[in-house]
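Visitor:
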Amino acid sequence: MKRHLLSTADLSRDDAELILATAAELRELADRPIKKLPALRGRTVVNLFFEDSTRTRISFEAAAKRLSADVINFAAKGSSLSKGESLKDTALTLEAMGADAVVVRHGASGAPHRLAHSGWVRSNVVNAGDGTHEHPTQALLDAFTMVRHLGGSGAKPSLDGRRVVIVGDVLHSRVARSNALLLNTLGAEVTLVAPPTLLPVGVESWPVETSYDLDAVIPKADAVMMLRVQRERMSGGFFPTAREYSRRYGLDGRRMATLQDHTIVMHPGPMVRGMEITADVADSDRSVIVEQVTNGVAVRMAVLYLLLGGSEPAVGGEE
Amino acid sequence: MPAHPQHVPPSPTTDSPTSGPQASADISRVVLDDSDITRALTRIAHEILERNKGAADLVLLGIPTRGVPLAERIAARIAAVEGQDVPVGSLDVTMYRDDLRMKPARALLPTQIPASGIDGRTVVLVDDVLFSGRTIRAALDALNDIGRPRAVQLAVLVDRGHRELPIRADFVGKNLPTSLLERVKVSLGGIDEVDAVTIQGPATGEVTA
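Those sequence lines, one after another, are chains E and B.
Heads up: the first sequence begins at 32 in the working numbering, then just goes up one per residue.
Heads up: the second sequence begins at 168 in the working numbering, then just goes up one per residue.
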C-alpha cells in the first residue's frame with residue numbers, strides 16, 4: 032500500500048505527474064481571496080523538525096492550513112527532544128495524540144524511513160529532508176517550477192529532453208539527489224557540476240552526467256540550479272578558498288550572459304549571495320527563486336491532499 | 168455529476184469498456200440523440216435569457232467534466248441570440264465532496280473562474296446529470312469560497328430523480344425517470360465520439376428499486 036513520501040525514487044512517472052497536475056490546480060488558490068479548501072478538515076498534521084528550517088516548515092504549515100488540517104509544530108529546540116528523548120518515544124507520543132501525517136526533518140539520513148516502517152506510528156510520513164539523503168518535496172517543487180517555465184503549452188506539459196544543470200555541493204545535498212532521481216523519471220537530462228571533492232561516492236550509478244567544467248555545460252542548459260555550500264556539514268577542506276570556489280563554480284553576471292534566452296536560474300535556498308550566486312544573478316529576470324517558494328506551498332498541498340485526502344493515498348512509495 | 172456511491176460518473180476512463188450503445192452486456196438504449204441534445208440546449212439558453220431578462224451579469228460555470236462543454240454550448244447559443252458574450256468557466260467540486268474520504272484521493276479537475284469574477288452576478292451552474300444533488304451541494308460550498316453571487320441557478324441536461332438533498336434544477340433538458348440500478352451516460356462531442364444520452368442497465372420493467 033502506498034502511504035508515505037520518503038524518496039523521489041518511489042514515485043513512478045504517473046505518480047509524479049499526478050502530483051504536478053494537482054499542484055497546478057492548487058496553485059490557482061494563491062490568487063483567490065479565500066485561500067482555503069476543506070479537503071483535510073479534522074485531520075492533524077505534525078511538523079516534526081529535528082533540524083533548523085524556516086522555509087520548509089512554514090511552507091508545510093501553510094500547505095496544511097490551506098487544506099483546513101490542524102497543524103502541530105514540534106521543533107527539536109525547546110522540546111523534550113533537546114532533553115534526550117529518542118525518536119521512538121517522540122513517535123509514540125505523536126501516535127497517542129492522533130497525528131494523521133508526520134512531516135519529518137532529521138539530520139540523520141534514513142530517519143523518516145525508520146519512522147515510517149518501525150510500526151511506531153500509523154501516520155503517513157512525509158520526508159522533509161533527512162541528512163544528506165533526500166528532500167522529495169523540494170525536488171517536486173523544482174520540477175513544478177521547471178514545468179511552468181519550460182514545459183510547453185501542450186495538453187500534457189513535460190520535461191522530456193530538457194537539460195538541467197545542478198551546480199555545487201552535491202555531496203552534502205539532499206536536494207540534488209532527489210532532483211536527479213525525479214527529473215530523470217520525468218524525462219529530463221541532468222548534469223551535475225561540482226569540484227571532484229564535492230561529488231558523492233557512487234555518483235556513477237545515478238542517472239546523470241557529471242562535469243567539473245561549468246562554463247562548458249551551462250550554454251546548453253534549460254535550467255541551472257545552484258546549490259548552497261553546506262559549511263555546517265563540512266569537517267575538512269573541500270576546496271582551497273571560498274573565492275576560488277566562487278570563481279570556478281559560482282554563477283555570476285558573466286556566466287549568466289552565456290545562457291540561452293529561455294534558461295531559468297534556480298536555488299533551493301537559503302542562498303549565500305557572493306558565494307555560489309551573485310546578487311545581480313539572484314535578482315535578475317531569469318531567477319525564479321522567489322517563485323519556487325510560492326510553488327512549494329502548492330506542491331506540498333498536493334502531496335498532503337493525495338496522501339491524506341481520500342480513504343487511501345493516491346501516490347507514494349510501497350509500504 | 169452526483170457524488171452518489173451507486174452512481175458511476177460518465178467519465179472516459181471508468182466507462183470506456185462499456186461505452187457505446189452496443190458494447191454493453193446490459194440493455195442500453197439511447198434516450199436523447201444529438202439533435203435532441205441540440206434542441207434541449209437551445210431551449211435552456213432561451214429559458215435562461217427569459218428568466219434573467221437578458222444576458223447582463225450572467226456567468227456560466229460548468230462542473231467538470233461534461234458540465235464544461237455544456238456550459239460552452241449554452242453560452243454560444245446565448246451569444247447568438249443576444250449578440251453578447253457571456254463569461255464561461257469551470258468549477259471543480261472534488262475537494263468539497265462529502266464522500267471525499269470514502270474513496271482514494273482523486274485527481275483535481277480544472278477550476279477556471281472568469282476574470283470578471285462572480286461577485287454580484289447571476290451564476291448558472293451547468294452539469295450533465297442531476298441525481299442525488301450532492302454534487303450541487305458541493306458546488307454551492309465551493310462557490311461560497313470564491314465569491315458572493317447575486318443569485319445561483321442550476322441547468323442540467325438530464326434530471327434522473329432520486330434526490331437525497333433539497334435541491335432542484337431551474338433549467339432541465341430532459342426529465343428522465345430511472346431506477347437506481349440503471350446508469351445514465353452522457354456523451355458529448357469533444358470529449359466523446361458522439362452526442363448522446365443513454366441508459367444502461369436492466370430493462371425498466373424488471374426492476375424494483
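We treat Cβ as the ideally placed atom computed from N, Cα and C, and that holds for glycine.
Nothing here was measured: the structure is a model prediction, and the numbers come from that model.
Which residues in chain E have a C-beta closer than 8 angstroms to the C-beta of residue 270(B)? List them in chain order.
Guide: By Cβ distance, chain E contributes 341 and 342.
Visitor: Do residue 198(E) and residue 257(E) count as a contact pair if the criterion is CB distance below 8 angstroms?
Guide: It is a contact, given that the beta carbons lie within the stated cut-off.
Visitor: Since residue 239(E) contacts residue 222(E) with CB under 8 angstroms, what's their CB separation in whole angstroms?
Guide: Confirmed, Cβ separation roughly 7 angstroms.
Visitor: Taking the alpha carbon of residue 170(E) as the reference point, which residue from 206(E), 154(E) and 195(E) has its own alpha carbon closest?
Guide: Nearest of 206(E), 154(E) and 195(E) to residue 170(E), Cα basis: 206(E).
Visitor: Of the choices 271(B), 262(B) and 276(B), whose alpha-carbon is the least far from that of residue 69(E)?
Guide: It is 262(B).
Visitor: Which whole-angstrom value describes the C-beta separation of residue 253(B) and residue 242(B), a residue pair presumed to lie in contact below a C-beta threshold of 8 angstroms?
Guide: The pair is a contact, with the Cβ atoms about 5 angstroms apart (cut-off 8 angstroms).
Visitor: Quickly, what does DSSP pair residue 254(E) with across the bridge? List them, please.
Guide: Paired residues: 195(E) and 295(E).
Visitor: If you run the structure through DSSP and keep just helix, strand and coil, what is residue 96(E)?
Guide: In the structure shown, residue 96(E) sits in a helix (DSSP, three-state: H, G or I).
Visitor: Would residue 187(E) count as contacting chain B if we go by Cβ distances under 8 angstroms?
Guide: No, its Cβ sits nowhere closer than 8 angstroms to a Cβ of chain B.
Visitor: Which residue marks the beginning of the beta strand (DSSP E) containing residue 312(E), and which one marks its end?
Guide: Looking at the DSSP string, residue 312(E) is not in any beta strand (DSSP E); the run it does join, the alpha helix (DSSP H), is 310–313.
Visitor: Quick one: measure Cβ to Cβ for residue 129(E) and residue 75(E), integer angstroms, because I've assumed they're closer than 8 angstroms.
Guide: 6 angstroms between Cβ atoms; contact.
Visitor: Can you tell me whether residue 246(B) is helix, strand or coil according to DSSP?
Guide: Correct three-state label for residue 246(B): helix.
Visitor: What residue does the beta strand (DSSP E) around residue 242(E) start on, and which one ends it?
Guide: First-last of the beta strand (DSSP E) with residue 242(E): 240–242.
Visitor: Which chain B residues are close to residue 65(E), counting only those with a beta carbon under 8 angstroms from its beta carbon?
Guide: What residue 65(E) touches in chain B: 312 and 313.
Visitor: Shorter than 8 angstroms from the beta carbon of residue 277(B) to some beta carbon of chain A?
Guide: Within the model displayed, chain A is absent; protein chains E and B are what it includes.
Visitor: Residue 272(E): buried (16+ other C-beta within 10 angstroms of its C-beta) or exposed?
Guide: Its Cβ having fewer than 16 others within 10 Å, residue 272(E) is exposed.
Visitor: Can the beta-carbon of residue 290(E) be found closer than 8 angstroms to that of residue 143(E)?
Guide: In this structure, residue 143(E) does not lie closer than 8 angstroms to residue 290(E) by Cβ.
Visitor: Among all the DSSP beta bridges, which residues are the ones paired with residue 319(B)?
Guide: DSSP output for residue 319(B) lists 290(B) as bridge partner(s).
Visitor: Is residue 402(B) close to chain E? Criterion is C-beta to C-beta, closer than 8 angstroms.
Guide: Any property of residue 402(B) remains undetermined from this structure, which presents chain B solely from 168 to 376.
Visitor: Using alpha carbons as the reference points, say which of 212(B), 203(B) and 300(B) lies closest to residue 331(B).
Guide: Of 212(B), 203(B) and 300(B), the residue nearest in Cα terms is 300(B).
Visitor: Quick check: the Cα distance between residue 90(E) and residue 290(B), rounded to an integer number of angstroms?
Guide: One C-alpha to the other measures close to 34 angstroms.
Visitor: Compile a chain-ordered list of the residues in the segment 67–82 of chain E whose CB is closer than 8 angstroms to at least one CB of chain B.
Guide: Here the close residues are 67, 68, 69 and 70.
Visitor: Under a three-way DSSP split, which group does residue 166(E) fall into?
Guide: If DSSP states are grouped into helix, strand and coil, residue 166(E) belongs with coil.
Visitor: In three-state terms, what does DSSP make of residue 191(B)?
Guide: The pLDDT assigned to residue 191(B) is 42, lower than 50, so where the model puts this residue is not dependable, and the model offers no usable value.
Visitor: Can you name, in chain order, every residue of its own chain whose Cβ lies under 6 angstroms from the Cβ of residue 190(B), other than the five neighbours on each side?
Guide: Annotation note: pLDDT 44 at residue 190(B) (below 50); position unreliable, coordinate value reported separately. Cβ neighbours of residue 190(B) beyond the five flanking positions: none.
Visitor: Are the CB atoms of residue 145(E) and residue 81(E) within a distance shorter than 8 angstroms?
Guide: Cβ distance not < 8 angstroms, so residue 81(E) and residue 145(E) don't count as in contact.
Visitor: Could you tell me whether the Cβ of residue 267(B) comes closer than 8 angstroms to any Cβ of chain E?
Guide: Answer yes: the Cβ-Cβ gap between residue 267(B) and chain E drops below 8 angstroms somewhere.
Visitor: Give the DSSP-derived three-state secondary structure of residue 275(B) in the structure shown.
Guide: Three-state DSSP puts residue 275(B) in coil, outside helix and strand.
Visitor: Give me the Cα-Cα distance between residue 342(E) and residue 71(E), rounded to the nearest whole angstrom.
Guide: So the alpha carbons of these two residues sit roughly 12 angstroms apart.
Visitor: Count the other CB atoms within 10 Å of the CB of residue 281(E); is the residue buried (16 or more) or exposed (fewer)?
Guide: Burial call: buried.
Visitor: Got a sec, what are the start and stop residues for the alpha helix (DSSP H) residue 201(B) sits in?
Guide: It spans 201–219 - the alpha helix (DSSP H) in which residue 201(B) sits, taken as one unbroken run.
Visitor: Between 139(E), 140(E), 48(E) and 160(E), which has its C-alpha nearest residue 78(E)'s C-alpha?
Guide: Closest by alpha carbon: 160(E).
Visitor: Return the chain-ordered list of same chain residues with a C-beta closer than 6 angstroms to the C-beta of residue 212(E), the five sequence neighbours on each side being excluded.
Guide: So the list reads 39 and 40, once near-sequence residues are dropped.
Visitor: Give every residue of the same chain whose Cβ lies closer than 8 angstroms to the Cβ of residue 316(B), excluding the five residues on either side of it in the sequence, and list them in chain order.
Guide: Correct list, in chain order: 226, 285, 286, 287, 288, 289, 290 and 310.
Visitor: Excluding the five sequence neighbours on either side, which residues of its own chain have a C-beta within less than 8 angstroms of the C-beta of residue 366(B), listed in chain order?
Guide: Hits under 8 angstroms: 195, 196, 198, 343, 345, 349, 350, 351 and 352.
Visitor: If we define contact as Cβ-Cβ less than 8 angstroms, is residue 336(E) a contact residue for chain B?
Guide: Yes, contact with chain B.
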